[in-house]
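Engineer: The structure under discussion is supplied below as structure tokens; questions concerning it will follow.
There are 2 protein chains.
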Amino acid sequence: MSFPDIRSSILLTDLYQLTMLQGYMEQGMEETAVFEFFSRKMPPQRGFYMAAGLEQLVEFLEQARFTPEELEWVEKSGYFSKSFVKYLERWRFTGDLHAMPEGTIFFANEPIARITAPLPEAQLVETRLINLLQYQTLAASKAARCVLAASGKPLIDFGLRRAHGAEAGLLAARASYLAGFAGSATVLAELLFGVPVFGTMAHSFIQAHTVESEAFEHFAEAQPENVILLIDTYDTEEGAKKIVALAPRLKDKGIAIKGVRLDSGDLVDHAFKVRKILDEGGLSDVQITASGNLDEYAIQAMVADQAPIDFLAVGTKMTASADVPYLDCAYKLQEYAGRACRKKSEGKATWPGRKQVYRHYDSQGHIDHDVLTTADDSQDGELIIEKILECGKRISSPIPLPQSREHAAAQLQRLPEKLRLLREGTTVDVQVSQALRDLAQAVDAQR
Amino acid sequence: MSFPDIRSSILLTDLYQLTMLQGYMEQGMEETAVFEFFSRKMPPQRGFYMAAGLEQLVEFLEQARFTPEELEWVEKSGYFSKSFVKYLERWRFTGDLHAMPEGTIFFANEPIARITAPLPEAQLVETRLINLLQYQTLAASKAARCVLAASGKPLIDFGLRRAHGAEAGLLAARASYLAGFAGSATVLAELLFGVPVFGTMAHSFIQAHTVESEAFEHFAEAQPENVILLIDTYDTEEGAKKIVALAPRLKDKGIAIKGVRLDSGDLVDHAFKVRKILDEGGLSDVQITASGNLDEYAIQAMVADQAPIDFLAVGTKMTASADVPYLDCAYKLQEYAGRACRKKSEGKATWPGRKQVYRHYDSQGHIDHDVLTTADDSQDGELIIEKILECGKRISSPIPLPQSREHAAAQLQRLPEKLRLLREGTTVDVQVSQALRDLAQAVDAQR
Chain A
17 MSFPDIRSSI LLTDLYQLTM LQGYMEQGME ETAVFEFFSR KMPPQRGFYM
67 AAGLEQLVEF LEQARFTPEE LEWVEKSGYF SKSFVKYLER WRFTGDLHAM
117 PEGTIFFANE PIARITAPLP EAQLVETRLI NLLQYQTLAA SKAARCVLAA
167 SGKPLIDFGL RRAHGAEAGL LAARASYLAG FAGSATVLAE LLFGVPVFGT
217 MAHSFIQAHT VESEAFEHFA EAQPENVILL IDTYDTEEGA KKIVALAPRL
267 KDKGIAIKGV RLDSGDLVDH AFKVRKILDE GGLSDVQITA SGNLDEYAIQ
317 AMVADQAPID FLAVGTKMTA SADVPYLDCA YKLQEYAGRA CRKKSEGKAT
367 WPGRKQVYRH YDSQGHIDHD VLTTADDSQD GELIIEKILE CGKRISSPIP
417 LPQSREHAAA QLQRLPEKLR LLREGTTVDV QVSQALRDLA QAVDAQR
Chain R
17 MSFPDIRSSI LLTDLYQLTM LQGYMEQGME ETAVFEFFSR KMPPQRGFYM
67 AAGLEQLVEF LEQARFTPEE LEWVEKSGYF SKSFVKYLER WRFTGDLHAM
117 PEGTIFFANE PIARITAPLP EAQLVETRLI NLLQYQTLAA SKAARCVLAA
167 SGKPLIDFGL RRAHGAEAGL LAARASYLAG FAGSATVLAE LLFGVPVFGT
217 MAHSFIQAHT VESEAFEHFA EAQPENVILL IDTYDTEEGA KKIVALAPRL
267 KDKGIAIKGV RLDSGDLVDH AFKVRKILDE GGLSDVQITA SGNLDEYAIQ
317 AMVADQAPID FLAVGTKMTA SADVPYLDCA YKLQEYAGRA CRKKSEGKAT
367 WPGRKQVYRH YDSQGHIDHD VLTTADDSQD GELIIEKILE CGKRISSPIP
417 LPQSREHAAA QLQRLPEKLR LLREGTTVDV QVSQALRDLA QAVDAQR
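Protein sequences, first through last, are from chains A and R. First residue of the first sequence? That's 17 in our numbering, and the numbers climb one at a time after it. First residue of the second sequence? That's 17 in our numbering, and the numbers climb one at a time after it.
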């Protein structure tokens with residue numbers, strides 16, 4: 017049996033989706049269901065989230081179907097009836113998708129995606145929908161914090177190696193670029209998503225040579241257009257002095273050193289010392305890249321110290337969203353067959369029905385507050401949730417990633433000062449409209 | 017252009033691997049390099065790690081090569097010479113791999129994989145090697161802690177939706193099964209890895225019905241062999257009473273209720289109350305599954321309270337390894353062209369040369385201490401690192417996952433009591449042999 021592409025396989029799902037589907041089929045429960053995806057709570061370390069992953073979700077919904085191999089598995093598993101397998105053969109996603117465009121800032125309880133489809137379609141897409149939206153949103157949100165902290169210094173994603181698998185590395189490269197990173201070290205992210213790709217050198221290149229400055233020279237000759245040399249393998253400042261000594265020899269060969277990279281120790285302290293050595297050696301145009309355990313807090317400190325660092329490479333802590341490695345999120349049934357509903361499990365109660373978010377700005381153009389209301393309750397303010405798919409088809413062409421990136425940058429400009437400064441425990445007020453409160457009361461009264 | 021499979025693409029790598037390779041090619045640096053993958057430090061929340069991911073690494077090494085599309089990208093990128101593209105066309109992994117078998121327990125500074133290959137081969141595989149080993153090891157280690165905490169209660173992986181992408185979800189299903197979980201909810205993990213698959217039902221199934229007990233009945237009829245009903249959508253104990261009321265009617269149809277699931281609130285408290293309701297209703301053979309925010313600490317508390325819970329479903333916190341979402345790990349050049357070497361960057365110094373680990377047990381058969389030494393320093397104790405690939409080929413057939421799972425279970429039995437109890441800040445002593453200390457001194461003296 018040939019293995020399906022893990023990214024598009026409809027069996028990248030929980031078994032219970034299939035068992036529930038068989039139940040729906042047998043009961044003829046195929047009326048319209050409305051599910052919404054949202055984050056229940058913001059942890060204190062996140063005052064805002066940035067929506068991401070919509071493009072991958074749309075591709076998934078458009079292509080989702082059972083291949084003959086996958087149907088064979090369903091049949092052979094012994095859990096399901098023959099008629100159910102026949103039914104799955106015809107299964108397609110024919111519903112609507114409403115969503116916040118990628119790069120949009122959002123807060124607790126605001127749906128970033130809404131599926132409106134016959135129940136068995138809306139149900140089956142749950143697992144992958146959450147999987148795609150939660151991770152890219154997580155990575156984009158962490159990356160956006162780094163972008164805010166960096167105050168204009170360019171950032172590069174170095175996180176693939178410590179990402180949770182192949183797809184996480186690729187999606188983090190995409191999400192961080194969306195959030196404002198300059199690019200990524202991950203080559204495949206350029207092929208798949210057009211993310212600009214950057215690279216320097218590793219310690220092993222230095223170590224494989226017996227003499228450090230020989231390693232520098234060999235690397236420069238091999239990559240004359242992109243000479244960024246890693247100088248901390250043995251002693252950072254000694255490394256910088258070797259750069260100064262090497263520069264004239266390279267210049268004679270027509271090669272200019274573009275930059276050096278620091279990857280260990282007190283990066284701020286080393287940056288000041290290395291900058292001085294380079295400047296005194298006549299290399300004031302050689303730029304300094306810093307890497308190693310960086311996150312928004314380390315970057316804030318570097319910027320506050322005015323460290324002479326030109327590029328920041330952020331890896332593990334962004335890719336793994338290390339301080340908040342998962343989103344407290346859910347995809348919940350909000351309406352079925354025209355009847356609004358909600359889950360009331362302890363600590364997990366949700367607002368019922370189809371919802372819309374209206375955003376209000378203060379006089380400086382910063383977000384003041386949001387209003388969460390029912391989709392049919394027209395309000396003042398900026399409407400945030402748009403229709404993306406109708407009857408399973410896009411209603412307009414996909415938004416190119418650079419355009420979503422511009423939207424994300426504009427959204428970050430709209431954050432109130434306290435959120436731009438990443439102050440812990442602050443967020444934006446999401447007001448629940450009277451219309452939505454009334455609906456919740458009506459739903460509870462019905463039961 | 018057709019997109020490569022993200023899991024096997026050789027371009028799932030950092031750009032600098034390719035730029036360094038061009039440097040190696042131009043300098044004719046193709047002598048044998050030895051790299052080792054290890055974790056530098058154990059955080060206080062991890063007294064041990066469990067090695068995992070070797071099987072996926074072997075598949076990657078065996079199949080790694082540049083496809084015509086990938087070569088086209090390299091050529092078009094503008095970073096590389098024509099002769100380099102020609103060179104890449106012939107690139108294959110022809111080296112040796114030594115590793116700890118999957119499921120083996122290890123500690124700080126102990127290599128779990130060693131690559132011995134011409135430098136450009138050993139270099140290029142770095143990024144994906146780290147990516148594969150770090151994540152599965154992370155997930156297996158977290159899962160192993162849950163297994164220890166559960167004291168024999170079966171565990172099921174529910175984590176796909178909040179995993180970091182598709183591959184993370186699948187590899188977590190595999191790694192947790194390796195570590196001793198009974199199986200996973202992820203369907204595709206059965207197809208890909210033969211992990212047993214389990215499922216119950218979601219709140220949406222309940223909500224889509226107007227009457228909760230009707231939902232229970234419909235689900236039972238659709239899945240008569242696997243009736244596990246989720247009873248917390250509105251009120252857990254009321255849900256349990258509806259189960260008691262429903263059971264006789266289902267029995268008449270020849271359907272037995274296998275279990276109920278609790279997913280919110282104080283799970284221990286609900287479990288006691290639900291158990292009592294079920295027992296008094298004559299349903300003492302109906303089992304209780306608990307899910308919702310579980311990790312090893314919550315499980316320890318449940319077991320300490322003797323909560324009447326039969327199955328534990330663990331999701332997000334295992335899949336994301338939430339308290340330790342990345343491994344402090346590295347893949348470092350330890351020898352080149354017969355010359356041992358080491359990196360000395362501040363706080364990141366490593367032990368040089370090819371290494372072996374010898375394990376020593378106490379009189380009860382528990383791990384007492386390990387000795388880290390040079391690969392040619394034969395010692396007493398159990399030798400942990402084995403040869404897996406020679407000249408790019410497996411020297412014996414792949415170990416089936418169930419067999420690795422047995423090895424993992426035996427390894428957990430070998431942990432000293434303090435580690436089995438998950439006591440924070442405790443680990444096993446890794447002694448550095450005199451031979452390795454001498455080598456490090458000799459390497460430092462050379463520079």
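Even glycine gets a Cβ: it sits at the ideal position worked out from N, Cα and C.
Tell me whether the stretch 39 to 54 of chain R and the stretch 245 to 253 of chain A touch, counting them as touching only if at least three CB pairs, one residue from each stretch, are closer than 8 Å.
Structural biologist: Segments in contact, no.
Engineer: With distances taken from CA atoms, which of R:L148, R:H225, R:F174 is nearest A:A179?
Structural biologist: Checking every option, the nearest Cα to that of A:A179 belongs to R:L148.
Engineer: If distances are taken between C-alpha atoms only, which option among A:Y374, A:G63, A:Y40 comes closest to A:L437?
Structural biologist: Answer by Cα proximity: A:G63.
Engineer: At which residues does the alpha helix (DSSP H) containing R:A165 begin and terminate?
Structural biologist: From DSSP, the alpha helix (DSSP H) with R:A165 extends over 142 to 166.
Engineer: Is there a Cβ of chain A sitting closer than 8 Å to that of R:C357, yes or no?
Structural biologist: It does; some Cβ of chain A falls within 8 Å.
Engineer: With 8 Å as the threshold, decide whether the Cβ of R:K364 is near any Cβ in chain A.
Structural biologist: Chain A, which has a Cβ nearer than 8 Å to the Cβ of R:K364, makes this yes.
Engineer: R:S97: buried (16+ other C-beta within 10 angstroms of its C-beta) or exposed?
Structural biologist: Exposed is the call here.
Engineer: How many angstroms separate the CA atom of A:M66 from the CA atom of R:L428?
Structural biologist: Their Cα atoms are separated by approximately 41 Å.
Engineer: Could you tell me which uninterrupted alpha helix (DSSP H) segments, each at least 4 residues in length, are contained entirely in the stretch 42 to 114 of chain R, listed from first to last along the chain?
Structural biologist: Qualifying alpha helix (DSSP H) stretches, in chain order: 70 to 79, 84 to 93, 98 to 105.
Engineer: Who are the Cβ neighbours of R:H114 in its own chain at under 6 Å, not counting the five residues just before and after it?
Structural biologist: Result list for R:H114: R130, I401, K403, in chain order.
Engineer: How many Å lie between A:L77 and A:W107 at the Cα?
Structural biologist: Straight-line Cα distance between these residues: approximately 12 Å.
Engineer: Quick check: R:A201 and R:F214, are their CB atoms within less than 8 Å of each other?
Structural biologist: Contact: yes.
Engineer: From which residue to which residue does the alpha helix (DSSP H) around A:F235 run?
Structural biologist: First-last of the alpha helix (DSSP H) with A:F235: 228 to 238.
Engineer: Could you pull out every residue in the same chain whose Cβ sits closer than 7 Å to the Cβ of R:M36, ignoring the five residues on either side in sequence?
Structural biologist: Cβ neighbours of R:M36 beyond the five flanking positions: Q139.
Engineer: Tell me which residues of the stretch 310 to 338 of chain A have at least one Cβ-Cβ distance to chain R shorter than 7 Å, keeping chain order.
Structural biologist: Residues passing the 7 Å Cβ filter: T332, A336, A338.
Engineer: Cutting at 8 Å between CB atoms, please list the residues of its own chain near A:R291, excluding the five before and the five after it.
Structural biologist: Around A:R291: I304, P324.
Engineer: Leaving aside the five residues before and after R:L194 along the sequence, list all residues of the same chain whose C-beta is less than 7 Å from its C-beta, in chain order.
Structural biologist: Excluding positions up to five away in sequence, the list reads A68, E118, G119, A156, L417, S420, R421, A424.
Engineer: Only counting the same chain, and skipping five residues up and downstream in sequence, which positions put a Cβ closer than 6 Å to that of A:V284?
Structural biologist: Counting only Cβ-Cβ distances below 6 Å, and skipping sequence neighbours, we find M318, D321, A323.
Engineer: Could you tell me whether the stretch 229 to 247 of chain R touches the stretch 368 to 386 of chain A, where touching means 3 or more Cβ pairs closer than 8 Å?
Structural biologist: No contact exists between the stretch 229 to 247 of chain R and the stretch 368 to 386 of chain A.
Engineer: Could you compute how far the alpha carbon of R:K92 sits from the alpha carbon of R:E137?
Structural biologist: R:K92 and R:E137: Cα-Cα distance of roughly 22 Å.
Engineer: Quick check on the burial criterion: 16 or more other C-beta atoms within 10 angstroms. Buried or exposed for R:I383?
Structural biologist: R:I383 is buried by the Cβ-count criterion.
Engineer: For A:M66, return the contacting residues in chain R, with the cut-off set at a CB-CB distance below 7 Å.
Structural biologist: The contacting residues do not exist; A:M66 stays about 16 Å from chain R at best.
Engineer: Verify the CB distance criterion: does R:E237 have a CB-CB separation below 8 Å to chain A?
Structural biologist: Taking Cβ atoms only, chain A reaches closer than 8 Å to R:E237, which makes this a yes.
Engineer: I want to verify the contact list: residues of chain R whose CB lies under 8 Å from the CB of A:I293, in sequence order.
Structural biologist: What A:I293 touches in chain R: nothing, since even the nearest Cβ is about 17 Å away.
Engineer: For A:G381, count the other beta carbons within 10 Å of its own beta carbon; 16 or more makes it buried, fewer makes it exposed. Which is it?
Structural biologist: By the neighbour-count rule (16 or more Cβ atoms within 10 Å), A:G381 is not buried but exposed.
Engineer: Cβ closer than 9 Å: which chain R residues qualify as neighbours of A:M217?
Structural biologist: Within 9 Å Cβ-Cβ: Y32, T35, M36, G39.
Engineer: With DSSP as the reference, identify every bridge partner of A:Y374, one or two as the case may be.
Structural biologist: Bridge partners of A:Y374: A:V387, A:L399.
Engineer: Beta-carbon within less than 8 Å of R:R56's beta-carbon, same chain only, minus the 5 sequence neighbours each way: which residues are those?
Structural biologist: These residues qualify, in order along the chain: A124, N125, D344, C345, A346, K364, T366.
Engineer: Is the distance from the Cβ of A:L73 to the Cβ of A:L135 below 8 Å?
Structural biologist: For A:L73 and A:L135, no; Cβs fall outside 8 Å.
Engineer: Mind checking whether R:V459 and R:R358 have CB atoms under 8 Å apart?
Structural biologist: Yes; because the gap between Cβ atoms is below 8 Å, this pair is in contact.
Engineer: Quick check: the stretch 156 to 166 of chain R against the stretch 182 to 189 of chain A, are at least 3 beta-carbon pairs closer than 8 Å?
Structural biologist: No: the two stretches stay apart, fewer than three of their Cβ pairs being nearer than 8 Å.
Engineer: Using a C-beta to C-beta distance shorter than 7 Å, which residues of chain A count as neighbours of R:Y342?
Structural biologist: Within chain A, the residues near R:Y342 are R178, T332, A336, A338.
Engineer: When the cut-off is 8 Å and only beta carbons count, does A:W367 lie next to chain R?
Structural biologist: Answer no: the Cβ-Cβ gap between A:W367 and chain R never drops below 8 Å.
Engineer: Taking C-alpha atoms, which residue in R:Y342, R:Q350, R:D311, R:E75 lies nearest to R:G331?
Structural biologist: When only C-alpha atoms are compared, the closest one is R:D311.
Engineer: Let's test the definition: count the other Cβ atoms within 10 Å of the Cβ of A:I411 and tell me whether it reaches 16, buried, or not, exposed.
Structural biologist: That one is exposed.
Engineer: When the cut-off is 8 Å and only beta carbons count, does R:K360 lie next to chain A?
Structural biologist: Yes, its Cβ sits closer than 8 Å to a Cβ of chain A.
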